[in-house]
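Participant: Pasting a structure below so you can have a look.
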Amino acid sequence: MQPLRTRLRVLSATGLVLLFATAFAPVQRRSVAPAPPHPPFPHADGGVLAVPMEPALPSGTLDLRVEPTQASASWGFLTTQSTNYVNVPRASASFVAEDERTPLVIVFSAEASTNSSTGRMFVRALVDGGVAAPADVVFTEGAFQGARSFAFTSIVGEGIHTVEVQWLVDPGVTGFLRAEALELRHGANVAHGTAPSGSNTVTTSSSFVPVPGLSVPFQLSVAGSAVVGFSAETFVQGANMRLFVRALVDGALCEPGDVVFAGRASRQTHQMRFETPALAAGWHTATVEWLVDAGGVATLGDRTAWVTSATPCSVERIVVAPSGPAVTTASGAWSQVPGLAALITLPANAEIAASFSGEVLGGSAASLQMRLVTPGPTTSDVVVLAEGAFPFETQSFTFDRKHVFLPPGTLTGIWLEWRTSGAPVSMGDRALHLAIEAGLVPDLAEAPSIGRGSAAELAGQRVEAAIGTRRVLTLVHRIPRAAPNAVIPTIAQVTSAMYGPTGVADYYDKVSGGRFGLTNAGVREYDASKTEAHYWNHTQFNCGMPLADGFIGGHAERWAEIVQLADADVDFAQYDTNGDGVLQPESELAVLIVVPQGMTDGFTRPLEPFCTGLPVIVDGVVVPAISEWFTSNPALNWEVGAHELAHLILGLTDLYVKDFNYDTEVGVLSLMGSNTSTTTHLDPFHKLCLGWVTPRYAPIDGDYALLDVKESGTVLVLPRDTDGDGAECFLVEVRRTSFGSPLYDTVIGANGAVVWHVVESPPQSDQPPSCTTAAEWAAFSGNGRRAIRVVRPGIDYAGGAASDWTAGSYDLLDHGLNCPGGMGSARNALLWADGKESDWNLLGFGDTGLAVNVVVDRD
Numbered sequence: 082m083q084p085l086r087t088r089l090r091v092l093s094a095t096g097l098v099l100l101f102a103t104a105f106a107p108v109q110r111r112s113v114a115p116a117p118p119h120p121p122f123p124h125a126d127g128g129v130l131a132v133p134m135e136p137a138l139p140s141g142t143l144d145l146r147v148e149p150t151q152a153s154a155s156w157g158f159l160t161t162q163s164t165n166y167v168n169v170p171r172a173s174a175s176f177v178a179e180d181e182r183t184p185l186v187i188v189f190s191a192e193a194s195t196n197s198s199t200g201r202m203f204v205r206a207l208v209d210g211g212v213a214a215p216a217d218v219v220f221t222e223g224a225f226q227g228a229r230s231f232a233f234t235s236i237v238g239e240g241i242h243t244v245e246v247q248w249l250v251d252p253g254v255t256g257f258l259r260a261e262a263l264e265l266r267h268g269a270n271v272a273h274g275t276a277p278s279g280s281n282t283v284t285t286s287s288s289f290v291p292v293p294g295l296s297v298p299f300q301l302s303v304a305g306s307a308v309v310g311f312s313a314e315t316f317v318q319g320a321n322m323r324l325f326v327r328a329l330v331d332g333a334l335c336e337p338g339d340v341v342f343a344g345r346a347s348r349q350t351h352q353m354r355f356e357t358p359a360l361a362a363g364w365h366t367a368t369v370e371w372l373v374d375a376g377g378v379a380t381l382g383d384r385t386a387w388v389t390s391a392t393p394c395s396v397e398r399i400v401v402a403p404s405g406p407a408v409t410t411a412s413g414a415w416s417q418v419p420g421l422a423a424l425i426t427l428p429a430n431a432e433i434a435a436s437f438s439g440e441v442l443g444g445s446a447a448s449l450q451m452r453l454v455t456p457g458p459t460t461s462d463v464v465v466l467a468e469g470a471f472p473f474e475t476q477s478f479t480f481d482r483k484h485v486f487l488p489p490g491t492l493t494g495i496w497l498e499w500r501t502s503g504a505p506v507s508m509g510d511r512a513l514h515l516a517i518e519a520g521l522v523p524d525l526a527e528a529p530s531i532g533r534g535s536a537a538e539l540a541g542q543r544v545e546a547a548i549g550t551r552r553v554l555t556l557v558h559r560i561p562r563a564a565p566n567a568v569i570p571t572i573a574q575v576t577s578a579m580y581g582p583t584g585v586a587d588y589y590d591k592v593s594g595g596r597f598g599l600t601n602a603g604v605r606e607y608d609a610s611k612t613e614a615h616y617w618n619h620t621q622f623n624c625g626m627p628l629a630d631g632f633i634g635g636h637a638e639r640w641a642e643i644v645q646l647a648d649a650d651v652d653f654a655q656y657d658t659n660g661d662g663v664l665q666p667e668s669e670l671a672v673l674i675v676v677p678q679g680m681t682d683g684f685t686r687p688l689e690p691f692c693t694g695l696p697v698i699v700d701g702v703v704v705p706a707i708s709e710w711f712t713s714n715p716a717l718n719w720e721v722g723a724h725e726l727a728h729l730i731l732g733l734t735d736l737y738v739k740d741f742n743y744d745t746e747v748g749v750l751s752l753m754g755s756n757t758s759t760t761t762h763l764d765p766f767h768k769l770c771l772g773w774v775t776p777r778y779a780p781i782d783g784d785y786a787l788l789d790v791k792e793s794g795t796v797l798v799l800p801r802d803t804d805g806d807g808a809e810c811f812l813v814e815v816r817r818t819s820f821g822s823p824l825y826d827t828v829i830g831a832n833g834a835v836v837w838h839v840v841e842s843p844p845q846s847d848q849p850p851s852c853t854t855a856a857e858w859a860a861f862s863g864n865g866r867r868a869i870r871v872v873r874p875g876i877d878y879a880g881g882a883a884s885d886w887t888a889g890s891y892d893l894l895d896h897g898l899n900c901p902g903g904m905g906s907a908r909n910a911l912l913w914a915d916g917k918e919s920d921w922n923l924l925g926f927g928d929t930g931l932a933v934n935v936v937v938d939r940d
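Quick note: the sequence shown uses the numbering used here, first residue 82, plus one each step.
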């Protein structure tokens with residue numbers, strides 16, 4: 082596909098909305114007689130496949146996570162004063178590599194600055210906990226605010242992986258980030274080269290010479306063009322001196338011909354993308370060259386180059402504005418960036434990465450802002466490319482738009498708009514790189530809001546990918562209690578239940594496939610200072626009462642007391658890795674309190690015990706929340722401790738409702754359900770969100786063999802990818818109850834395929850499931866309970882043994898729903914949340930003992 086070099090005709094925003102909006106009539110839920118038996122699956126040869134297929138890995142090469150930015154420049158920044166590497170909030174993403182030795186490029190973009198003219202912010206990327214090349218970079222230096230960008234690289238194996246971005250600053254410095262964008266490019270259409278990290282390279286040449294250490298061989302399977310990217314740490318010495326770069330393929334110049342890459346004495350990262358000439362199929366080599374104005378000294382630190390090209394399932398287009406005089410705007414109103422627009426057709430559920438790179442210039446009061454325009458509502462996501470006085474140099478940022486559904490074959494416009502706040506701003510050479518493909522469902526790069534409710538996110542906080550280890554401090558509160566709660570567990574018993582051969586830490590290691598674990602930060606015990614009666618019958622001592630003791634309740638007093646007692650032995654401040662004065666349980670230190678009680682139970686609570694509203698502060702740091710586990714026999718019910726730590730560390734929500742079972746409730750099939758007396762695994766959607774299992778798909782109709790999830794680490798996905806909102810799917814996993822298995826999942830009853838319906842979006846998950854009334858559904862709060870649903874053969878809630886699909890189960894079709902209580906036997910159906918037939922059918926469930934076989938048939 083040849084790049085568009087003429088300016089796109091203006092399409093009015095109103096026209097776009099009218100052209101691309103699609104209205105769906107409401108679909109009635111049906112309660113009908115069961116469908117007739119489905120005929121045998123028609124294979125191509127008219128017979129039955131001798132060997133069932135294994136579901137396939139997704140073939141996508143693009144994953145994106147761009148955090149919502151601001152409609153105005155007043156939106157807040159993330160801040161850090163950490164001199165240790167810590168994760169950038171909301172800058173992690175999981176993806177799936179289709180092959181062994183898959184090239185990976187991680188492009189991180191964000192507005193960045195510090196509060197010091199010499200203060201540095203460092204950034205690095207981790208892949209599955211390992212540092213990506215070229216290690217860390219000085220992302221920005223000084224107080225200049227603007228977009229920074231750098232590309233990190235790695236080679237990964239087949240399966241699921243998680244990328245995290247981390248940052249730190251110099252001592253005494255505060256760093257600021259806003260509008261983080263994480264662009265992941267991976268697959269056979271990606272090649273990269275990274276110069277060895279170490280000493281800087283310097284040039285004083287005023288003629289173009291090769292950038293040392295950057296030569297990228299790449300292969301095109303068909304003739305066409307490709308995109309070359311270059312990123313580097315830079316600084317330039319000499320008044321008004323400029324560092325220029327250009328890209329070449331096989332010695333031929335790419336476009337734009339050259340750009341002013343950097344022009345400041347402070348160290349900054351920059352990125353530029355170039356279009357290659359038309360290339361023949363086969364092998365080619367990309368290189369980068371540089372020069373500096375005569376009399377100047379240009380320095381490059383860590384640097385990377387990469388090449389991407391289209392695949393049969395993706396679009397790769399770069400629009401390069403014609404070189405010539407700079408273009409300027411002095412307007413505070415949005416207008417199209419000249420020369421950066423494209424007309425294009427999109428796949429269903431389109432995922433669009435739109436990367437701007439180009440030379441920009443502004444005066445002392447200038448603020449250059451940019452946004453992406455695509456089909457659908459006008460975005461409020463805005464990036465400040467540069468603010469304050471900035472010389473001509475390259476700035477870049479990656480925008481995204483996801484879940485775009487247009488009628489097939491529709492030609493649509495995509496472009497960038499800009500405006501200034503203050504003085505006029507200008508652009509020189511510039512490019513818009515578009516990478517487009519059908520988005521993955523579920524979108525592993527995003528963190529769905531299905532977790533525990535919080536003050537900021539009442540219906541559910543985001544569930545982020547979680548890999549590596551987390552520290553847990555366990556405190557046994559020795560409270561003398563009356564029988565049957567008199568037995569106080571010992572340190573040895575608690576330590577064994579937490580970290581022994583069978584226990585909480587080993588459970589997480591096995592369930593996550595070795596991707597997540599717990600580290601023992603100590604198991605300690607302390608005698609209570611008050612009686613059981615005081616803690617459990619505290620009303621007369623509550624705030625505002627005549628005998629008020631300063632605590633909002635007796636249990637809150639217990640929590641505060643034991644944390645304060647531990648302060649004598651534990652240096653809590655050492656765990657404040659990011660130096661913000663708060664111990665984050667999800668990343669720094671989780672506190673688990675063990676309380677004697679015959680009947681096990683557990684709770685996770687914010688630690689806000691005082692009538693004054695003040696937090697609990699020990700060693701100068703705040704402990705914001707705790708989990709507690711009631712037990713007198715930890716070896717028998719350690720799964721309760723595991724459940725509570727999933728709340729505290731992973732942010733997961735409960736998936737059960739006390740004293741009532743609704744049709745789609747998970748029951749014993751998830752750690753977050755009714756897990757007591759089982760070692761049940763997490764449900765598959767939580768595992769996908771956490772980066773703990775690999776999704777697989779059925780790209781063609783056929784007979785598939787599905788293995789037990791605790792051994793395969795895979796889940797079959799049946800996505801809604803032709804309409805809807807891109808956030809709905811069915812998941813199929815095999816669960817086999819075990820007794821004493823080192824891989825857990827004991828006493829769950831299920832011994833077959835379990836089918837799950839995932840409805841991420843609250844507007845959709847608010848709609849009651851089939852055979853459930855709106856009044857019944859209204860009683861269940863929280864996105865998690867509404868999003869994660871079990872599709873049972875009998876529809877009604879049942880234990881694990883009646884929740885799976887086994888040999889002898891009827892075909893699960895996308896029609897033929899018959900609710901319990903009607904004529905004939907209950908019969909479930911694969912319907913979407915809005916009642917529409919899904920087109921997915923699961924036929925002929927069978928069991929070989931090693932695998933569950935099922936025919937997947939998509940209408």
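No residue lacks a Cβ here, since even glycine has one placed at the ideal position from N, Cα and C. All of these numbers come straight from a predicted model, not from anything done at the bench.
(1) So, is the C-beta of F325 closer than 8 angstroms to a C-beta in chain D?
(2) So, with DSSP's three-state summary, where would you put R686?
(3) What first and last residue would you give for the beta strand (DSSP E) that runs through R354?
(4) Please work out which residues of its chain come closer than 7 angstroms, Cβ to Cβ, to A152, disregarding the five sequence neighbours upstream and downstream, and give them in chain order.
(5) For S416 and E498, which I take to be in contact (beta-carbon distance under 8 angstroms), what is that distance rounded to the nearest angstrom?
(6) Using DSSP with H/G/I as helix, E/B as strand and the rest coil, what is P291?
(7) Run the CB neighbour count on F653, radius 10 Å, all protein chains shown included, and call it buried at 16 or more, exposed below.
(8) Where does the unbroken beta strand (DSSP E) through R559 begin, and where does it stop?
(9) Whole angstroms is fine: what's the gap from Q247's alpha carbon to Y166's?
(10) Hey, could you find the ends of the alpha helix (DSSP H) S793 is sitting in?
(11) If you reduce the DSSP assignment to three classes, tell me which class A716 lands in.
(12) Report the rounded CA-to-CA distance for A361 versus V297, giving the unit in angstroms.
(13) Leaving aside the five residues before and after G783 along the sequence, list all residues of the same chain whose C-beta is less than 6 angstroms from its C-beta, in chain order.
(14) Might you give, ordered along the chain, the residues of its own chain that have their beta carbon closer than 8 angstroms to the beta carbon of S890, omitting 5 neighbours on each side?
(15) Using three-state DSSP, classify N165 as helix, strand or coil.
(16) Could you tell me the boundaries of the beta strand (DSSP E) in which E181 lies?
(17) My understanding is that V813 touches L797, with C-beta atoms under 8 angstroms, so please give their C-beta distance in whole angstroms.
(18) Quick one: what's T409 bridged to in DSSP?
(19) Suppose the cutoff is 7 angstroms on Cβ atoms and the five residues either side in sequence are ignored; what does the same chain contact list for A716 look like?
(20) Would you list, in sequence order, the uninterrupted beta strand (DSSP E) runs of no fewer than 3 residues that lie entirely inside the stretch 379-449?
(21) K591 by DSSP, collapsed to three states: which one?
(22) From the DSSP output, which residues share a beta bridge with A214?
(23) If you reduce the DSSP assignment to three classes, tell me which class Y580 lands in.
(24) Exposed or buried, what is A431 when buried is set at 16 or more other beta-carbons lying within 10 Å of its beta-carbon?
(25) When the Cα atoms are used, what is the spatial distance from P403 to G701?
(26) Terminal residues of the continuous beta strand (DSSP E) containing A647?
(27) Identify the continuous alpha helix (DSSP H) that holds R70 and give its terminal residues.
(28) Is the beta carbon of T160 less than 8 angstroms from the beta carbon of T255?
(29) Considering Cα atoms alone, identify which of A914, W496, Y589 is closest to L726.
(30) Tell me the rounded alpha-carbon separation between L924 and S235.
(31) Hey, quick one: how far does the beta strand (DSSP E) through P874 stretch, first residue to last?
(32) Among residues of its own chain, excluding the 5 on either side of R111, which ones have a beta-carbon nearer than 7 angstroms to its beta-carbon?
(33) Are the Cβ atoms of R348 and V219 separated by less than 8 angstroms?
(34) For A429, collect the residues of the same chain with a Cβ closer than 7 angstroms to its Cβ; drop the 5 residues on either side in sequence, then sort them by chain order.
(35) Just to check my reading of the structure: A516 and E397 have Cβ atoms closer than 8 angstroms, yes? What is that Cβ distance to the nearest angstrom?
(36) Considering only the alpha carbon of each residue, which of H762, V872, G863 lies closest to T818?
Facilitator: From the atom records:
(1) Of the chains in the structure shown, none is chain D; there is only one protein chain.
(2) Note: R686 maps to strand in three-state DSSP.
(3) R354 -> beta strand (DSSP E) spans 349-356.
(4) At A152, the pLDDT of 42 sits below 50, so the modelled position is not reliable and the matter cannot be decided from this model.
(5) So it is a contact: roughly 6 angstroms between Cβ atoms.
(6) Looking at P291 - three-state DSSP - the assignment turns out to be strand.
(7) Counting Cβ neighbours within 10 Å, F653 comes out buried, since at least 16 surround it.
(8) Counting along the chain, the beta strand (DSSP E) containing R559 begins and ends at 549-559.
(9) Spanning the two alpha carbons is a distance of roughly 6 angstroms.
(10) 790-793 is the span of the alpha helix (DSSP H), which, as asked, contains S793.
(11) In the structure shown, A716 sits in a helix (DSSP, three-state: H, G or I).
(12) Between A361 and V297, the C-alpha separation is close to 17 angstroms.
(13) If you ignore the 5 residues before and after G783, its C-beta comes within less than 6 angstroms of the C-beta of M134, all in its own chain and listed in chain order.
(14) Residues of the same chain with a CB within less than 8 angstroms of the CB of S890, apart from the 5 flanking positions on each side, are G833, P874, F926 in chain order.
(15) Coil.
(16) Counting along the chain, no beta strand (DSSP E) covers E181, and no H or E run does either.
(17) That pair is a contact at about 4 angstroms.
(18) According to DSSP, residue pairing for T409 in a beta bridge involves S507.
(19) Close CB contacts of A716 within its chain, under the 7 angstroms cut and outside five residues either way in sequence, are with Q574, S577, A578 (chain order).
(20) For the stretch 379-449, whole beta strand (DSSP E) runs of length 3 or above, ordered along the chain, are 395-401, 408-410, 416-426, 431-443.
(21) When secondary structure is reduced to three states using DSSP, K591 falls in the helix class.
(22) Residue pairing by DSSP puts A214 in a beta bridge opposite T234.
(23) Three-state DSSP puts Y580 in a helix.
(24) For A431, the number of other beta carbons within 10 angstroms of its own is at least 16, and it is reported as buried.
(25) Each residue's Cα considered, the two are about 58 angstroms apart.
(26) Unbroken run through A647 is the alpha helix (DSSP H), 635-647; no beta strand (DSSP E).
(27) Here the chain has residues from 82 to 940 only, and residue 70 is not among them.
(28) Their beta carbons are under 8 angstroms apart, which means T160 touches T255 by this criterion.
(29) Looking at the Cα atoms, Y589 is the closest of the given residues.
(30) Whole-angstrom Cα-Cα distance: 41 angstroms.
(31) P874 -> no beta strand (DSSP E), and no H or E assigned at all.
(32) Any reading at R111 must be qualified, since the residue scores a pLDDT of 26, below 50, and its modelled position is unreliable; no value is offered.
(33) Yes.
(34) Cβ neighbours of A429 beyond the five flanking positions: F486, A519, D802, T803.
(35) So it is a contact: roughly 6 angstroms between Cβ atoms.
(36) When only C-alpha atoms are compared, the closest one is H762.
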